DNA sequence: CGAGCTTTTGAAGAACGTCAAGAGTTGTGG
DNA sequence: CCACAACTCTTGACGTTCTTCAAAAGCTCG
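Residue numbers (my numbering), protein chains in the order written: chain H, 1 to 234; chain U, 235 to 468.
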């Protein structure tokens with residue numbers, strides 16, 4: 001709900017509808033598949049804790065992670081309309097998730113138009129993030145891609161209370177990072193090294209600290225506008 | 235409407251609601267901006283004729299086209315929820331477009347839940363295409379990217395009656411293609427040459443003919459499932 | 001303490017971008 | 001209908017970036 005309240009006023013009636021949803025809880029271990037590629041789910045996954053990613057695996061074994069999801073993200077809400085998954089969702093760390101039946105979300109579309117538009121918004125924000133990802137892969141250097149990823153993660157985590165004081169956890173191996181950035185593991189390692197050399201971030205274990213956010217944002221071409229963190233009528 | 239009917243049954247009442255929308259018509263010349271990056275539109279653009287693209291231009295002048303749109307596409311429907319454009323829309327050829335006021339679409343969300351879900355679907359399909367684009371940029375060779383683009387264009391054009399007999403028009407220069415594929419113009423030219431050399435497509439002037447669609451699809455890793463061209467309850 | 005994962009580094013080769021120039025095509029005005 | 005300019009396509013040469021292969025060092029967890 002924090003993701004909604006950061007973007008529009010949530011009337012009590014709508015908040016109550018969300019509270020009243022029947023949730024099926026499920027835990028996942030690191031590496032486990034949360035939603036299978038090609039499946040036809042009857043419920044959508046809301047991530048409560050942990051880090052997950054959308055994943056496409058090619059026949060030759062190469063993997064592309066197209067998006068990163070954190071606690072509070074309604075991960076596969078678009079499954080409601082798409083019906084068939086065109087990708088999988090995988091747990092990058094141990095995850096706690098809850099599932100909401102599509103039937104109940106459909107009921108929201110019948111009874112709560114404004115709340116419907118807010119849920120719709122969540123999917124269009126995901127799309128905006130995806131669009132940004134495409135430009136990153138196409139026209140940004142690896143260093144910019146990585147810097148941009150860190151900026152985005154900080155802003156998104158901060159919005160739901162998972163980051164503060166320019167610092168957050170990013171518990172992923174460089175192999176995972178490589179699959180996100182579309183690079184080889186070796187090159188990813190060199191880019192991480194380069195980024196550290198700029199002195200803009202400290203990055204030990206899985207703790208990232210951004211020393212000069214405005215400068216990192218400038219260097220990476222990051223501008224938070226596409227995340228739609230602005231409370232206004234939708 | 236063809237885009238909706240290819241994906242679910244459209245009851246007469248809903249079709250009538252769409253017919254009743256007030257449309258503002260506008261024509262655009264090749265290269266003209268249809269929607270400005272960073273603007274806050276109060277209406278959404280439905281492309282009737284021509285080819286348009288979502289475009290992000292960087293400070294250094296490099297351009298990334300993140301999506302291609304053809305006649306029948308509801309180009310910036312997501313603007314309804316996002317409010318502020320995180321990219322521009324540009325006419326790649328002369329275009330005819332109509333604009334629908336957000337106010338009227340919001341009325342649809344108040345009165346026609348199923349139609350709302352279908353409009354929502356259009357935006358999630360766009361997102362799925364965008365997701366595919368990301369994997370293309372990240373883990374596919376330039377030849378695969380180009381082949382994939384041709385397969386997708388054929389299937390999408392065929393769905394709205396703009397292609398038949400494995401043949402369609404793609405009236406774009408190789409510079410535009412380069413901005414779509416995230417390559418330099420020179421390299422794009424070499425990839426087009428390579429693709430022609432495979433004998434899988436003829437490509438003269440702006441006419442593309444795919445001689446062996448299944449093989450081109452196999453070579454490029456194309457699978458139309460992500461386009462959700464399947465008529466089922468949504 | 002040892003096995004397996006992760007990070008790091010080096011070296012060689014393939015892929016891609018940039019620069020440059022020539023050929024072909026299209027559009028426009030006279 | 002022609003001439004010219006502007007754009008577009010094509011090719012070569014060269015340098016940079018990125019991948020791949022290989023191996024060593026560090027870390028984590030049983």
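Ideal Cβ placement from N, Cα and C applies to all residues, glycine included.
This structure is a prediction, so every number in the text was calculated from the model and none was measured.
| query | result |
| --- | --- |
| For a cutoff of 8 Å on Cβ pairs, would you count residue 174/H as touching chain U? | no |
| Beta-carbon of residue 394/U versus every beta-carbon of chain H: anything under 8 Å? | no |
| Closest by CA to residue 173/H, which one among 138/H, 117/H, 205/H and 67/H? | 205/H |
| If you measure from the beta carbon of residue 110/H to each beta carbon in chain U, is any gap under 8 Å? | yes |
| Can you name the residues of chain H whose CB is closer than 7 Å to the CB of residue 300/U? | 131, 134 and 135 |
| Whole angstroms are fine: how far does the CA of residue 379/U sit from the CA of residue 450/U? | 11 Å |
| Using a Cβ cut-off of 8 Å, pull out every chain U residue sitting near residue 127/H, in sequence order please. | 312, 357, 358, 360, 361 and 364 |
| Is the separation between the beta-carbon of residue 124/H and that of residue 375/U shorter than 8 Å? | no |
| Let me know the beta strand (DSSP E) ranges lying completely inside the stretch 7-70 of chain H, each 3 residues or longer, listed in chain order. | 23-28, 33-35, 43-49, 52-57 and 63-69 |
| Note down, in chain order, every chain H residue with its Cβ under 7 Å from the Cβ of residue 347/U. | 109 and 110 |
| Is residue 151/H helix, strand or coil when you go by DSSP? | helix |
| Thinking just about the alpha-carbon of each residue, which of 223/H, 170/H, 14/H and 86/H is nearest to the one in residue 293/U? | 223/H |
| Identify every residue that forms a DSSP beta bridge with residue 354/U. | For residue 354/U, which the question treats as bridged, DSSP gives no partner whatsoever. |
| Please state the DSSP three-state secondary structure of residue 335/U. | strand |
| Under 8 Å, do residue 160/H and residue 50/H count as touching if we go by C-beta distance? | no |
| For residue 87/H, is the classification buried or exposed, using 16 other Cβ atoms within 10 angstroms of its Cβ as the cut-off for buried? | buried |
| So, are the CB atoms of residue 80/H and residue 114/H less than 8 Å apart? | no |
| Hey, does residue 221/H have any beta-carbon neighbour from chain U nearer than 8 Å? | yes |
| Of the residues 104/H, 55/H, 19/H and 143/H, which one's Cα is nearest the Cα of residue 34/H? | 55/H |
| Contact criterion: CB-CB distance below 8 Å. Does residue 459/U meet it with respect to chain H? | yes |
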